[in-house]
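Chemist: I have a structure I would like to understand better, so I am pasting it below and will then ask my questions one at a time.
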Amino acid sequence: MAKVTVRYWAAAKAAAGVAEEAHDAATLAEALQAVRERHPGELVRVLRRCSFLVDGDPVGIREHETVRLAEGGTVEVLPPFAGG
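Structure representation (structure tokens):
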């Protein structure tokens, strides 16, 4: 397991009630499960519409179970943004 920082933006930040927090997870799927367990409710709904960056790289359509997390890494949670 790696200790990673999960950073929330816009609607995800509002739903989580925090800008960032630490989680222990080996994959993006594990990190997102930990987030869902810590923040049941609105954030779970927001996550369905989010895209993710892991250490600055877009996850895109990759399966979250295949996205490995590095010790000290960062997961950015990006809801859809309005505008250009």
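Under my numbering, think of the first position of the sequence shown as 44, with each following residue one higher. Note that beta-carbon positions come from the ideal geometry of N, C-alpha and C, so glycine has one too. Treat the numbers as computed from the prediction; the structure is a model and nothing was measured.
CA-CA distance, valine 78 and valine 118?
Modeler: So the two alpha carbons sit approximately 11 Å from each other.
Chemist: Report the residue ranges of all alpha helix (DSSP H) runs contained in full by the region 47-98; include only those spanning at least 4 residues, in chain order.
Modeler: For the region 47-98, whole alpha helix (DSSP H) runs of length 4 or above, ordered along the chain, are 54-59, 71-81 and 85-90.
Chemist: Can you give me the start and stop residues for the beta strand (DSSP E) that glutamate 121 sits inside?
Modeler: First, the amino acid is wrong: residue 121 is leucine here, not glutamate. Leucine 121 -> beta strand (DSSP E) spans 117-121.
Chemist: Assuming valine 97 and glycine 116 are in contact, meaning their beta carbons sit under 8 Å apart, how far apart are those beta carbons, in whole angstroms?
Modeler: Indeed they touch by this definition, with Cβ atoms about 7 Å apart.
Chemist: Alanine 113 bridges to which residues according to DSSP?
Modeler: None; alanine 113 has no bridge partner.
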